[in-house]
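Report on the following structure.
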Amino acid sequence: MLDYIKRYWALALIVLAGIAIHLIPLVNFGAQGLGYDAGFYRRHIIKPFVSFPNTLTPGLGDDALLPRIALDSMRMLGIPADIILFGSHILLWALGAVALFCLMRKYFGMWTGITAVFLFTISPMQYVAYWFVLWKHAFALPIFFLLLLALERRSYWAIILALTLSFSHNTTSAFTIMTLGVFFIIRPEMWRITGASLMLMIASYLFLHPSSADLVSVRPIGVFVPVEYFLWNIAPLVPFALLGITRLTQNRSSLLAFVLTALAFPMAQMPFWERIMIFADIALIVTAACGIS
Numbered sequence: 044m045l046d047y048i049k050r051y052w053a054l055a056l057i058v059l060a061g062i063a064i065h066l067i068p069l070v071n072f073g074a075q076g077l078g079y080d081a082g083f084y085r086r087h088i089i090k091p092f093v094s095f096p097n098t099l100t101p102g103l104g105d106d107a108l109l110p111r112i113a114l115d116s117m118r119m120l121g122i123p124a125d126i127i128l129f130g131s132h133i134l135l136w137a138l139g140a141v142a143l144f145c146l147m148r149k150y151f152g153m154w155t156g157i158t159a160v161f162l163f164t165i166s167p168m169q170y171v172a173y174w175f176v177l178w179k180h181a182f183a184l185p186i187f188f189l190l191l192l193a194l195e196r197r198s199y200w201a202i203i204l205a206l207t208l209s210f211s212h213n214t215t216s217a218f219t220i221m222t223l224g225v226f227f228i229i230r231p232e233m234w235r236i237t238g239a240s241l242m243l244m245i246a247s248y249l250f251l252h253p254s255s256a257d258l259v260s261v262r263p264i265g266v267f268v269p270v271e272y273f274l275w276n277i278a279p280l281v282p283f284a285l286l287g288i289t290r291l292t293q294n295r296s297s298l299l300a301f302v303l304t305a306l307a308f309p310m311a312q313m314p315f316w317e318r319i320m321i322f323a324d325i326a327l328i329v330t331a332a333c334g335i336s
């Protein structure tokens with residue numbers, strides 16, 4: 044136990060500080076401290092319980108089956124609605140931070156991973172995602188990081204994680220399909236695991252969204268961060284990212300596939316590209332952490 048404390052004390056301090064930062068709006072303003080998407084999830088949590096998982100709610104359809112099961116399971120424990128919503132939202136952020144650390148440590152070592160978590164914690168874009176209560180995104184993000192880690196370890200857990208993502212969050216699923224496609228190209232020798240994960244996700248996506256052509260042709264509705272805000276807030280990362288890009292490209296990793304996809308997706312203005320700016324910010328965090336190291 045003492046050995047773990049000595050090894051991970053910096054990570055623990057950053058995550059605890061991040062939890063405190065994320066509690067500030069709730070302490071200051073209560074349940075009204077966070078906004079926009081909070082209403083969708085609260086509506087699902089407080090509506091009459093008629094089945095398990097409970098009936099569909101706007102914003103929580105069949106493509107969010109696992110988030111619905113998670114929220115309904117917590118509700119069955121008798122936890123108050125706001126504790127379920129906001130407590131789990133902060134917990135998911137912490138799990139995402141730890142999963143990012145595990146992924147970065149695998150490639151670049153302990154202190155590069157800790158640097159990435161620190162940048163992730165203080166990122167304005169990540170805080171906006173939390174502030175808007177993008178709960179499904181927070182639910183899917185640690186799964187996405189673990190999927191990248193499983194790919195690098197050549198673990199067939201990647202297939203299970205890919206299927207889990209398919210029934211967690213529509214936007215993250217579409218982005219993951221693109222990332223797997225890029226990884227399939229740069230690491231063709233891993234075609235069995237990558238190909239199986241990719242085909243399973245595509246099949247699941249088409250099953251859940253039979254009119255996928257409409258998703259491509261019609262601009263989705265939602266609240267997005269202005270591009271100017273995004274560019275202004277990533278500006279401090281760019282010099283360090285330029286330093287770190289060489290280190291990142293030294294191996295054909297799943298992290299490289301993620302960074303390429305995250306930066307290309309908004310540049311090509313693909314569907315829901317405004318929400319993908321959250322992933323683009325993480326891609327710059329990953330690259331900047333390499334540069335800082």
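Positions in the sequence shown are counted from 1; adding 43 to them yields the numbering used here.
Glycine included, each C-beta is placed from N, C-alpha and C at the ideal position.
Beta carbon proximity, residue i to chain C, threshold 8 Å
{"i": "Ile-62", "result": "Protein chains in the displayed structure number just one, and chain C is not present."}
Local conformation of residue i per DSSP, three classes
{"i": "Thr-98", "result": "coil"}
{"i": "Gly-334", "result": "helix"}
{"i": "Leu-103", "result": "strand"}
{"i": "Val-281", "result": "helix"}
{"i": "Asn-31", "result": "Shown here, the chain extends from 44 to 336; a query on residue 31 therefore has no answer."}
{"i": "Asp-257", "result": "The pLDDT assigned to Asp-257 is 49, lower than 50, so where the model puts this residue is not dependable; a value taken from the coordinates is nonetheless given after this. Helix."}
{"i": "Val-70", "result": "helix"}
{"i": "Val-93", "result": "coil"}
{"i": "Met-313", "result": "coil"}
{"i": "Ser-240", "result": "helix"}
{"i": "Ser-116", "result": "helix"}
{"i": "Tyr-199", "result": "coil"}
{"i": "Pro-110", "result": "helix"}
{"i": "Ile-64", "result": "helix"}
{"i": "Leu-77", "result": "coil"}
{"i": "Ala-323", "result": "helix"}
{"i": "Gly-287", "result": "helix"}
{"i": "Gly-121", "result": "coil"}
{"i": "His-252", "result": "coil"}
{"i": "Phe-267", "result": "coil"}
{"i": "Phe-175", "result": "coil"}
Residue i, enclosing alpha helix (DSSP H) - first and last residue
{"i": "Glu-271", "result": "270–277"}
{"i": "Thr-158", "result": "153–165"}
{"i": "Glu-195", "result": "178–195"}
{"i": "His-87", "result": "81–89"}
{"i": "Arg-230", "result": "Careful: Arg-230 lies outside any alpha helix (DSSP H) and carries neither H nor E."}
{"i": "Ser-211", "result": "Premise fails: Ser-211 is in no alpha helix (DSSP H) and is neither H nor E."}
Short Cβ contact (8 Å threshold) for residue i with residue j
{"i": "Arg-118", "j": "Ile-126", "result": "no"}
{"i": "His-180", "j": "Thr-215", "result": "yes"}
{"i": "Thr-237", "j": "Phe-250", "result": "no"}
{"i": "Ala-137", "j": "Ala-332", "result": "no"}
{"i": "His-212", "j": "Ala-183", "result": "yes"}
{"i": "Phe-129", "j": "Leu-103", "result": "no"}
{"i": "Arg-111", "j": "Asn-97", "result": "yes"}
{"i": "Val-329", "j": "Leu-298", "result": "yes"}
{"i": "Ala-323", "j": "Ile-157", "result": "no"}
{"i": "Phe-92", "j": "Leu-191", "result": "no"}
{"i": "Ser-296", "j": "Tyr-248", "result": "no"}
{"i": "Ala-284", "j": "Ser-240", "result": "no"}
{"i": "Leu-206", "j": "Leu-243", "result": "yes"}
{"i": "Leu-204", "j": "Ala-193", "result": "yes"}
Presumed contact (8 Å Cβ cut-off) between residue i and residue j, rounded CB distance
{"i": "Leu-77", "j": "Val-176", "result": "5 Å"}
{"i": "Tyr-18", "j": "His-65", "result": "Here the chain has residues from 44 to 336 only, and residue 18 is not among them."}
{"i": "Phe-187", "j": "Thr-219", "result": "6 Å"}
{"i": "Leu-357", "j": "Leu-280", "result": "The question about residue 357 has no answer here: the residues shown for the chain are numbered 44 through 336."}
{"i": "Arg-135", "j": "Pro-185", "result": "Sequence check: residue 135 is Leu here, not Arg. Sure, about 7 Å apart at Cβ, within 8 Å."}
{"i": "Met-168", "j": "Val-270", "result": "With 8 Å as the limit, Met-168 and Val-270 do not qualify as a contact, their Cβ atoms being about 12 Å apart."}
{"i": "Ile-122", "j": "Ile-62", "result": "About 18 Å separates the two Cβ atoms, so there is no contact after all."}
{"i": "Asp-80", "j": "Trp-178", "result": "7 Å"}
{"i": "Val-171", "j": "Val-58", "result": "That belief does not hold up - the Cβ atoms of Val-171 and Val-58 are roughly 19 Å apart, past 8 Å."}
Any non-hydrogen atom of the ligand ZN closer than 7 Å to residue i Cβ
{"i": "Val-58", "result": "As for the ligand ZN, it is missing from this structure, which has no ligand bound."}
Legend entry - Contact the region 163–174 vs the region 297–306: 3+ CB pairs below 8 Å: Touching, no, given that fewer than three Cβ pairs across the two stretches are closer than 8 Å.
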